[in-house]
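Undergrad: Sharing a structure below in structure tokens format, with a few things to ask.
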Amino acid sequence: MVSPLPMTSPTDLASLVRAAIPRLYAFAYVMSGAREGAFVHVREAIRNVDVEALTGAARPADWLLGRLARGIEDALGRKADHSFVILDNLLRSDETQPIDPGKSPIDGDLSRVPVLLWELKRTCLASVLGALPPGVRVSFVVTDLLGFPPAAAAELLGIKESAFRVRLTRARRRLEDYLAPRCGHIDRHNPCYCEGRLTLALETDFVKLPPHTADIPAAAYNDEPEHRDIAELYRTLPPVQLTPEETDTLVTAALGDEAVAAPEELPK
């Protein structure tokens, strides 16, 4: 059994929360499918955090993740955000279209095209997850994306392992059934590929320019080989990142104004 952390100084506590935030935000994004929504979920989960419970946890970062996961599941309820049919209607109602560099938000700046293609890949796959009920969705994210074994994942979520395994099986099957015959990242011969859908995605506001490019890889969005394993495809997505200012805001929400400064700047 892992012993709880000893009483932690303000500096160590701020460092702990700051280090946990990137994983919390990446998790909240794939659960909510939107950067703004992910930020709100993380903020509410760590607002005025119970310092005694956090520092007394065997694995404080996992304690925060479990709190966030349960909070998101409660906030989203039992129903999926949308159906697979709606997603098909939104992105696949028209034939593929060539990318027009003159249209907004590209506006002649070709450097924005690879950024938008990465953002479309992330947004689309997150939206596919959004067609799963939150309880089913979270099982896939916690185990197949974050690597928690079913027993540990069930403990994290506060449910029975048998119930968790049912949810996980359902999530994997539904994602496989939907993506395998459609997504070009799984099979190059499939009908849906990002270049052909970008124009429609922009016209419907399904995807927008991200607020920054810190989480946009230098490599092309489709440089990797086909991913027949759905979980592997999701694991190749670069996690979304917060700006330093957004991170400071979240640390403040958790611990107060004295925690805003970077750890090395906090009083000893």
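If you read the sequence shown in this note's numbering, its first letter stands for residue 835, the second for the next number, and so on. Cβ coordinates follow ideal geometry from the N, Cα and C atoms, glycine included. Just so you know, these numbers come straight off a predicted model, no measurement behind them.
(1) Nearest by alpha-carbon distance to L963: which of A891, F918, P1025, A1035 is it?
(2) For L1009, does the count of other Cβ atoms within 10 angstroms reach 16, so buried, or fall short, so exposed?
(3) On the CB-based measure, 16 or more other CB atoms within 10 Å of its CB, does L910 come out buried or exposed?
(4) In angstroms with no decimal places, state the Cα-to-Cα distance between R852 and D1082.
(5) Let me make sure I understand the geometry here. Which of L1089, R971, P1025 has the alpha-carbon closest to that of K913?
(6) Within its chain, find whatever has a CB closer than 7 Å to the CB of R1016; leave out the 5 residues flanking it on each side and keep chain order.
(7) Starting from L1043 and walking both ways along the alpha helix (DSSP H), at which residues does that stretch end?
(8) Can you have a look at E953 and say buried or exposed, based on whether 16 or more other CB atoms are within 10 angstroms of its CB?
(9) Taking its Cβ as the centre, do 16 or more other Cβ atoms sit within 10 Å of V883, making it buried, or is it exposed?
(10) Taking the straight line between their C-alpha atoms, what separation do you get for L1032 and T1077?
(11) Less than 8 Å between the beta carbons of A987 and V976, yes or no?
(12) Tell me which residue opens and which closes the alpha helix (DSSP H) that P1078 is part of.
(13) How is the alpha helix (DSSP H) around R877 delimited, first residue to last?
(14) Are the Cβ atoms of P860 and V1074 separated by less than 8 Å?
(15) Less than 8 Å between the C-beta atoms of C1028 and K937, yes or no?
(16) Within the same chain, show all residues whose beta-carbon is closer than 7 Å to that of E907, passing over the 5 residues directly before and after it, in chain order.
TA: With the structure as the only source:
(1) Comparing Cα positions, the closest option is F918.
(2) L1009 is classed as buried because its beta carbon has at least 16 other beta carbons within 10 Å across all chains shown.
(3) When all chains shown are included, L910 counts as buried.
(4) Roughly 8 Å separates the two Cα atoms.
(5) Put simply, of L1089, R971, P1025 the residue whose alpha carbon is nearest the alpha carbon of K913 is R971.
(6) Only N1024, P1025, C1026 meet the Cβ criterion.
(7) Unbroken run through L1043: none, as it is neither H nor E.
(8) A residue is called buried once 16 or more other Cβ atoms fall within 10 Å of its Cβ, and E953 is buried on that count.
(9) Its Cβ being crowded by 16 or more others within 10 Å, V883 is buried.
(10) One C-alpha to the other measures close to 25 Å.
(11) Yes; because the gap between Cβ atoms is below 8 Å, this pair is in contact.
(12) Per DSSP, P1078 belongs to the alpha helix (DSSP H) from 1078-1089.
(13) Where R877 is concerned, the enclosing alpha helix (DSSP H) stretches over 869-880.
(14) This sequence places Ala at residue 860; Pro is not what is there. Less than 8 Å separates the beta-carbon of A860 from that of V1074.
(15) No, Cβ-Cβ distance for C1028 and K937 is not below 8 Å.
(16) Here the set comprises P968, G969, V972.
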